[in-house]
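Comments concern the structure below.
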Amino acid sequence: MMSIRRVILLAAGFAPWLVAQQQARPARSFATHCAICHGGDASGSDRAPNILPFVGSHSDDELATLVRTGRAERGMPKFDFTASEMGTLTTLLRSRVSGAATGATTAEAGPARGGRGGGPFQARAATLKLADGRSLEGTLTSSTAFSATLLTADGKVHLLAKSGDVYSEKPIEPKRDWTGYDGSDTGNRYSSLEQISTTNVQQLAPAWIFPVVGAPRLEVTPIVAEGVMYLTGPNEAYAVDATTGRQIWAFRTPRTLGLLSEAGGGANRGLALAGNRLFMVTDNAHLLALDRATGRKLWDVTMGDTKEGYSATSTPLVVGDLVLSGIAGGEEGARGFVDAYRIATGEQAWRFWTIPKRGEKGSESWVGNALEHGCGATWVTGSYDASLGLTYWTTGNPCPDFNGDERKGDNLYTNSVVALDVKTGTMKWYYQFTPHDTHDWDATGPLILTDQQWEGRARKLLVHADVNGFFFVLDRVDGKLLRASPLGNQNWTTGYGADGRPVPTANYETTLEGISTCRTGAAKWASAAFEPTLKLYITRVSEGCQTIRKDPTVPEMGQRFFGGAMAGGGGRAGGNPSYIQAMDVMTGTRKWAYPLTGGGGTGTLATAGGLVFFGEAGGTFTAVNTATGLPVWHFETGQAFRASPMTYMVGGRQYVVQAGEGGIFSFALPR
5 MMSIRRVILL AAGFAPWLVA QQQARPARSF ATHCAICHGG DASGSDRAPN
55 ILPFVGSHSD DELATLVRTG RAERGMPKFD FTASEMGTLT TLLRSRVSGA
105 ATGATTAEAG PARGGRGGGP FQARAATLKL ADGRSLEGTL TSSTAFSATL
155 LTADGKVHLL AKSGDVYSEK PIEPKRDWTG YDGSDTGNRY SSLEQISTTN
205 VQQLAPAWIF PVVGAPRLEV TPIVAEGVMY LTGPNEAYAV DATTGRQIWA
255 FRTPRTLGLL SEAGGGANRG LALAGNRLFM VTDNAHLLAL DRATGRKLWD
305 VTMGDTKEGY SATSTPLVVG DLVLSGIAGG EEGARGFVDA YRIATGEQAW
355 RFWTIPKRGE KGSESWVGNA LEHGCGATWV TGSYDASLGL TYWTTGNPCP
405 DFNGDERKGD NLYTNSVVAL DVKTGTMKWY YQFTPHDTHD WDATGPLILT
455 DQQWEGRARK LLVHADVNGF FFVLDRVDGK LLRASPLGNQ NWTTGYGADG
505 RPVPTANYET TLEGISTCRT GAAKWASAAF EPTLKLYITR VSEGCQTIRK
555 DPTVPEMGQR FFGGAMAGGG GRAGGNPSYI QAMDVMTGTR KWAYPLTGGG
605 GTGTLATAGG LVFFGEAGGT FTAVNTATGL PVWHFETGQA FRASPMTYMV
655 GGRQYVVQAG EGGIFSFALP R
């Protein structure tokens, strides 16, 4: 955030004169007290700098404190304004920035298409003449030799093309927005866009790049609405022109020191959108609402205490007038939950605990002393069925991860999917993929909702590929297991019985000596895609065997505790293969598998153009034919990928976007 010293700087030589003026003249107006140094429009003069960024990035109280106390060491006197006078001044100043407000900063902009026009830009008030004769008045939030963005008083961002001194408004239509983490409430990460197809994908080329500095663990899926892209980095959010990658505003809040979780490493998967509000989590388990036009912080609620092991990484989910969020802390002893808050106020509407208290239903599945810190984190965004009024969330592993001695039993509701009434948070049903997990098999993979004819009758299905190596199809009305198919080779179970439970082998429960369990890490948190015509569920999977042993040691305060250790596994680099794999939802069989060159990589995106996009661990962004899995295009970025791709259309042009270690990479066909 821009400091007071940078923004509020008055020439020392003018201070005595200004003090005399305020003592001699009772008028309390911007013209007589501020404009003399900061200019008539507050955008700065040779005596003092532009005040608009400070006004736009600080609260009313902070502004009042500055005005009333002054900065004598910097040549700025204090002004004893009344509350009424301060209110009038604040309103006037905010009108100068056309609504720019608290928490928003206009920092260094990302490079435009082709790397042109990069570098810092200071927001300023402007009136621009358009080529069609109209004028636009507002805050110029970015400007290069080729493009500009202007925020008007109604909160609208205007995307402008620029040729010399002539501006023209870019057309937004035809457009196709991407307004949620997986593109829709059903979690399918599928787009009906087909401008980029198997016939022309070879022409796909970089359109622009937006750098995110200091974010080696960039896991965000951006969202796009009305030509503006919104994305997150570690405890920060950005709005950028979705056609050029030029920054419009940025929000930042300090990172939390000492966090041991993935949040401490900078993981944050993105923003949710509802009307003129954006929602994001911070590493210290806060949920924030931001003004969509300016990045101003509207409200801030604490979901959990970091001292109790809580953190947050996932994208919130908007459902009606509620915003839902999960929580992280699956190796820190934090008790998992799903929260719902009122969009307008941040008031908590309900909370569902994934671990019951002693005496509550489900607590009988915890025999021992682990219940109070049983984990069951909810660190991947859920899905929502409006017709049923249910939201579906997966839960993480029980704690400690590898030692179940103090938690005998199934350990409900860990490693499960829970169906919650969205109005009350009441659980309607649950299904546990892995009872009494001692392998760190978080069930926090995506949940895809689809309606199909199943064995001669219409059914509402929930589809999920799990880290335990199985591909599940459930009835999402009642949670009944319809099919559990192996994703590949495994040795921990002989299959799932008629009661919906796995039949474990001797390689299931960990020992002090260690057991060899195969197909650990099969399908993890990276997003999957569902292609509705071919009925294919397409996800990243990894095969391999790992030796897992439990440890009798006890947890220590301030330390992550796994209750054991594992060795082996990983991707192809470690000798075990990883794939992008397509599963037929209707039969449970594998249709194709594209081998990856490393153990990491991204989730998947499917489009109506017959393509599946994904990133590989080595930095290759790849497209394969949806029907065959054969590669049809790739681009080497040199950046590691951990996030999942998305696509959108602005002004009739389709873009495909992937977040990498260095920032956001956008691709499109040549104009």
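First residue of the sequence shown? That's 5 in my numbering, and the numbers climb one at a time after it. For every residue, glycine included, the Cβ atom is placed at its ideal position computed from N, Cα and C. In this text the structure is predicted, and so the values were computed from the model without any measurement.
{"Asked": "Span of the beta strand (DSSP E), counted from its first residue to its last, around R72", "Found": "Not the beta strand (DSSP E): R72 falls in the alpha helix (DSSP H), residues D64 to T73."}
{"Asked": "C-beta contact flag for P450 and G191 at 8 angstroms", "Found": "yes"}
{"Asked": "Buried or exposed (CB count within 10 angstroms, at least 16 for buried), D84", "Found": "exposed"}
{"Asked": "Cβ-based neighbour list, G664, same chain, cut-off 6 angstroms, excluding 5 preceding and 5 following", "Found": "T641, Q643 and F645"}
{"Asked": "Nearest-angstrom beta carbon gap, A127 and T148 [assumed within contact, 8 angstroms]", "Found": "So it is not a contact: roughly 14 angstroms between Cβ atoms."}
{"Asked": "A108 - DSSP class collapsed to helix/strand/coil", "Found": "With a pLDDT of 40 at A108, under the threshold of 50, the predicted position of this residue should be treated as unreliable, though the coordinate-derived value follows. Strand at A108."}
{"Asked": "For I227 and F214, the rounded distance between their alpha carbons", "Found": "14 angstroms"}
{"Asked": "Reference T153; option with closest CA among E173, G268 and E89", "Found": "E173"}
{"Asked": "Contact check, F617 vs A627, beta carbons under 8 angstroms", "Found": "yes"}
{"Asked": "Same chain, Cβ closer than 7 angstroms to D64, five either side skipped, listed in chain order", "Found": "T94"}
{"Asked": "Three-state secondary structure assigned by DSSP to Q207", "Found": "helix"}
{"Asked": "Alpha carbon of S648 to alpha carbon of F565, nearest angstrom", "Found": "29 angstroms"}
{"Asked": "Proximity to V471 [Cα-Cα], best of R487, A447, T593 and D503", "Found": "A447"}
{"Asked": "Residues near A423 in its chain [Cβ-Cβ closer than 6 angstroms; skip 5 each side]", "Found": "L394, Y396, K432 and W433"}
{"Asked": "Residue range of the unbroken beta strand (DSSP E) whose run includes P635", "Found": "P635 to E640"}
{"Asked": "Cα-Cα separation, G337 to A526", "Found": "24 angstroms"}
{"Asked": "Through-space distance from P490 to K216, alpha-carbon basis", "Found": "One point to set straight first is that residue 216 is Val, not Lys, in the sequence displayed. The straight-line gap from Cα to Cα measures roughly 39 angstroms."}
{"Asked": "Those residues which DSSP pairs with S167 across a bridge", "Found": "V170"}
{"Asked": "Rounded C-alpha distance that separates Q352 from S146", "Found": "37 angstroms"}
{"Asked": "Contacts around V654, its chain only, beta-carbon distance under 7 angstroms, and the 5 residues preceding and following it disregarded", "Found": "I176, K179, G231, A246 and T247"}
{"Asked": "Rounded C-alpha distance that separates A135 from E141", "Found": "15 angstroms"}
{"Asked": "Other residues of its chain near R679: CB distance less than 8 angstroms, five sequence neighbours each side excluded", "Found": "Residue 679 is absent from the model: the chain starts at 5 and stops at 675."}
{"Asked": "Cβ-based burial, T681 [other Cβ within 10 Å; buried from 16]", "Found": "Residue 681 cannot be examined here, being either before or after the span of the chain that is shown, 5 to 675."}
{"Asked": "M90 - DSSP class collapsed to helix/strand/coil", "Found": "helix"}
{"Asked": "Residues that R461 bridges to, as DSSP identifies them", "Found": "W458"}
{"Asked": "Whole-angstrom distance between N288 and K464, CA atom to CA atom", "Found": "37 angstroms"}
{"Asked": "Close beta carbons around V656, own chain, < 6 angstroms, minus the five adjacent residues each side", "Found": "At residue 656 the sequence reads Gly, which differs from the Val that was named. If we look at G656 and ignore the five residues flanking it on each side, its Cβ neighbours are P178."}
{"Asked": "Beta strand (DSSP E) runs wholly inside the stretch 497-541, at least 3 long, in chain order", "Found": "497-500, 506-508, 519-522 and 533-535"}
{"Asked": "Contacts around Q206, its chain only, beta-carbon distance under 8 angstroms, and the 5 residues preceding and following it disregarded", "Found": "V636 and W637"}
{"Asked": "Counted within 10 angstroms of its Cβ, other Cβ atoms place P258 as buried (16 or more) or exposed", "Found": "exposed"}
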